[in-house]
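Please read the structure below before turning to the comments.
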Amino acid sequence: RSVPLDNHTAVFIDPARRTDQGRLSLGASEPPLEWCVDLADGDRAVGIKCAPGLDHDRVPVGWEFEAIALGTDLKEAVLWSPSLARAQASATIIAGTEIHRLTPMPGENVPVRIPTEGETLLDPNPAVTRSGLVEDLARSIGAVKIDDRIGFLLASEPVVTPFARSLRIVASLPWNERLLRARLRDLDAGALDIRRRGLVGDVDAITKRLRGRGSHPYTVAMTRVMDQPWALVCTSS
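Residues in the sequence shown are numbered from -17 upward in steps of one, following my numbering.
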C-alpha cells in the first residue's frame, strides 16, 4: 500500500483473497476493494482482479466488469477503471490460442417461446452468464429465450458460437418423470447429463431414476419454459 504513485502511473492490483487463517468471505480482500477503487481518483488507469462472484452492486459507476473463462471454466473477473473501460460489462473466453470477447449489444427485448424438436438449445458460457450478457448474446446470434429468468437460449437453426454450447433438441415436454422416462426409453437412451436451471431436485438421484440401458447418450435440460417446469432432451449439434 505504500508504493508512491503519480498521475502517470497505471496500476494493476491482485488483492489477496486468502490469509494465514484461510480464505476470506466472498467479496472480501486485502487490500479491500474500496481502497483499490480509490486509486483511480482522477484519471488513473486501474485494473483490479476480483472474484467472479463479486456482487454487481459493488461495481462502481463507470467501471467495467469483465468475466474471464478458460474454455467453459469461469476463472476470474477484472474491474477496469473508467479510463480503461470499454463497456459496462464484458465476457472474455480463452479457447486454446483464440480469445473471444462479448460486449453489450443494445436492442429490443429478446422474445420468449416454447422450444420444439429439431431446434437448437444454447447453453451460454459461464462468463456470459456472470457478466449479465445472455440477452446480448441472443441479439448477436438471432436467438430467443425459453423463459425470462432462465439463461438457456433457443435458435431455429444450428448455431456455432464460442459463447455457448449448442445442443439439438430431440424431445420437448412438460416436466413429468414418468413421461420423460418413457420418452427416453423410446430414444434408446443410456448415459444422461442432466443440466438443472430454475428447478429444484437432486440431480444425481434424478439421473439414476431416468438413466436407461440404451446405447445413446443424451443431455437433459431440467428447466423452466414460459415459467412451467420443462424437460428438453438433447444431443450434441
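Quick reminder that beta carbons are idealized off the backbone N, C-alpha and C, glycines included.
Reduced DSSP category for residue i - H, G, I as helix; E, B as strand; rest coil
{"i": "T189", "result": "helix"}
{"i": "R83", "result": "strand"}
{"i": "A22", "result": "coil"}
{"i": "A171", "result": "strand"}
{"i": "V152", "result": "strand"}
{"i": "V28", "result": "strand"}
{"i": "L(-13)", "result": "coil"}
{"i": "E16", "result": "helix"}
{"i": "R(-1)", "result": "coil"}
{"i": "A(-8)", "result": "coil"}
{"i": "V126", "result": "strand"}
Among the options, the one whose alpha carbon lies nearest that of residue i
{"i": "K127", "options": "I96, V19, R179, P199", "result": "I96"}
{"i": "G172", "options": "T189, R121, S138, L66", "result": "T189"}
{"i": "L214", "options": "A153, G53, E58, D(-4)", "result": "A153"}
{"i": "G196", "options": "L166, D175, V185", "result": "L166"}
{"i": "V141", "options": "S72, D(-4), G183, L103", "result": "L103"}
{"i": "E46", "options": "L52, M208, K31", "result": "K31"}
{"i": "P220", "options": "I50, L(-13), Q70", "result": "As shown, the chain starts at -17 and ends at 219. That puts residue 220 outside it, with no answer to give."}
Where residue i falls, given that 16 or more other Cβ within 10 Å makes a residue buried
{"i": "E117", "result": "buried"}
{"i": "F145", "result": "buried"}
{"i": "G29", "result": "buried"}
{"i": "G35", "result": "exposed"}
{"i": "M87", "result": "exposed"}
Element boundaries [alpha helix (DSSP H), containing residue i]
{"i": "T102", "result": "First-last for T102: 102 to 106, but that is the beta strand (DSSP E), not the alpha helix (DSSP H)."}
{"i": "R121", "result": "116 to 123"}
Residue i - containing beta strand (DSSP E), residue span
{"i": "L214", "result": "210 to 218"}
{"i": "A203", "result": "198 to 207"}
{"i": "A226", "result": "Here the chain covers residues -17 to 219 and nothing more, so residue 226 does not appear."}
Ordered list of beta strand (DSSP E) runs contained in the segment 30 to 94, each at least 3 residues: 46 to 52, 55 to 62, 71 to 77, 80 to 84
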